[in-house]
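First the structure, in the form of structure tokens, and then the observations on it.
Numbering (the working numbering), first residue to last: 96 to 542.
Written as structure tokens, this is what we have:
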């Protein structure tokens, strides 16, 4: 069966809502704990608990900041002015006296740094290099780190455009805040642990009015959110309700993970996760994420092919370009030797990507190569259905791509990065580790 994640954003999306919904769906809490405890960031603790929202039982993920790092992100009076300017009908956000798995009666709470007691709020402005440094020093799986970097890149470009500065010069405000860093890393870890690569995000439902942030009072959707929607091709629906339902962090997560915006014609719902937000609006802030299964041996989607010819780039330069393009979300990158005018030997760079990643791919090609023009063609393709499977080996866990052929057969392809990581950790030759992973699949040793 084809497995997909469906983000139902009818009440918007934020970072904490996404993490909570994914945890409720079954994301690995131990991996999350290890990742967040390893972050070289101070001034926070986090809590996972069950809450009531609009009478529904939901998971809640809270990042609790000390006094020096508090940013009023969930303070309704700060965000929207005196009580009464926003019509609030959700008065049922009540904690259950039990943890996510029935453990700690007060919920799972993990500290990270000292709790402060002062009243002066220190707004740390981190640039992109600061964020990447934090990610590089955290205990993250390669897939989780790559996804977190992609989310921050999307946010960085949106902030840079809003402020009229370059990506290198942009300073993150709300995004660089401790709770946003934790939310993004947590979302990346949770998504990576679920191992589902096809993600459907049909539409983001947003409110109207204004909201207060560190830049002052801004219209909803705020500029960073609007820029993300514009660049990524996400669809947005404006509701006749006041309030900010889609945060920049939530929009960036959706943009980074979305592979399609249409649900299959028919599917089965295998599991549902419900994540609660902290803000109280006329429509309760709830994000529902579902694991779906659909009986489709092939699927059709639309991709964009970018190509350009270069005759003065070294092999090392091209290798670095390929690495950057893949990290930024390219579906595939390959080079073809060609002969140009005056019989000059050159390479044709070919990039396959989703439509929403075109701007980012072109920016990388212009920045990292000597090209002065890029050809673009949008096309439809038919692909065999596939999913990611986690298997247990004697050396640890590994990811395997499972591909269904049109005649009903199943092929298994161990993921390169996953195999390479085990090789590095245990000093085993790649071919031997590859065969070990395949044998674990045939032995049914799934995680």
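Heads up, the beta-carbon is just placed ideally off N, CA and C, and yes, glycines get one too. Because the structure is a prediction, the values reported are computed rather than measured.
query, result
"Simplified DSSP state of residue 500, which is helix, strand or coil", "coil"
"Separation of residue 135 from residue 550, as counted between CA atoms", "Only positions 96 to 542 of the chain appear in this structure, which leaves residue 550 out of reach."
"Closest Cα partner of residue 116 within the set 247, 236, 156 and 414", "156"
"For residue 399, the nearest candidate out of 535, 450 and 519 (CA to CA)", "450"
"Top-ranked residue by Cα proximity to residue 427, from 435, 434, 433 and 418", "418"
"Sufficient close CB pairs (3 or more, under 8 Å) joining the stretch 483-501 to the stretch 289-297", "yes"
"Close beta carbons around residue 352, own chain, < 7 Å, minus the five adjacent residues each side", "286 and 294"
"Bridge partners - residue 72, DSSP secondary structure assignment", "Examination of residue 72 is not possible in this model, given that the chain is present from 96 through 542 alone."
"Span of the alpha helix (DSSP H), counted from its first residue to its last, around residue 414", "410-422"
"Pairwise C-alpha distance: residue 264 and residue 237", "27 Å"
"Backbone secondary structure at residue 362 - three-state DSSP", "coil"
"As assigned by DSSP and simplified to three states, the class of residue 229", "helix"
"Same chain, Cβ closer than 6 Å to residue 103, neighbours up to 5 away in sequence not counted", "383"
"Extent of the continuous beta strand (DSSP E) run through residue 384", "381-389"
"For residue 151, the nearest candidate out of 323, 379 and 260 (CA to CA)", "379"
"Between the CA atoms of residue 274 and residue 303 - distance to the nearest angstrom", "24 Å"
"Range of the contiguous alpha helix (DSSP H) that encloses residue 284", "273-289"
"Neighbourhood of residue 521 by C-beta distance below 7 Å, restricted to the same chain and skipping five residues each side", "490"
"Short Cβ contact (7 Å threshold) for residue 119 with residue 278", "no"
"Buried versus exposed call for residue 282 [16 or more other C-beta atoms within 10 Å across all chains shown]", "buried"
"When 407, 445 and 132 are compared against residue 425, the one with the closest alpha-carbon", "445"
"Limits of the unbroken alpha helix (DSSP H) element including residue 322", "318-327"
"Close Cβ partners of residue 243 (< 6 Å) along its chain, the five nearest in sequence each way excluded", "230, 279, 280 and 283"
"Meets three-Cβ-pair contact criterion under 8 Å: the stretch 310-330 and the stretch 245-265", "yes"
"8 Å CB neighbourhood of residue 362 in its chain, flanking five on each side removed", "99, 387, 388 and 389"
"Cβ neighbour criterion (16 or more within 10 Å) applied to residue 465", "exposed"
"For residue 508: DSSP bridge partner residues", "496"
"N-terminal and C-terminal residue of the alpha helix (DSSP H) that residue 463 is part of", "453-463"
"Secondary structure of residue 234, DSSP reduced to three states", "coil"
"Cβ of residue 120 within 7 Å of any chain C Cβ", "Given the protein chain composition of this structure (a single chain), no chain C is represented."
"Whether residue 423 touches residue 433 by CB criterion (7 Å)", "no"
"Beta-carbon proximity list for residue 453, same chain, < 8 Å, skipping 5 on both sides", "399, 401 and 471"
"Collapsed DSSP secondary structure at residue 314 in the structure displayed", "strand"
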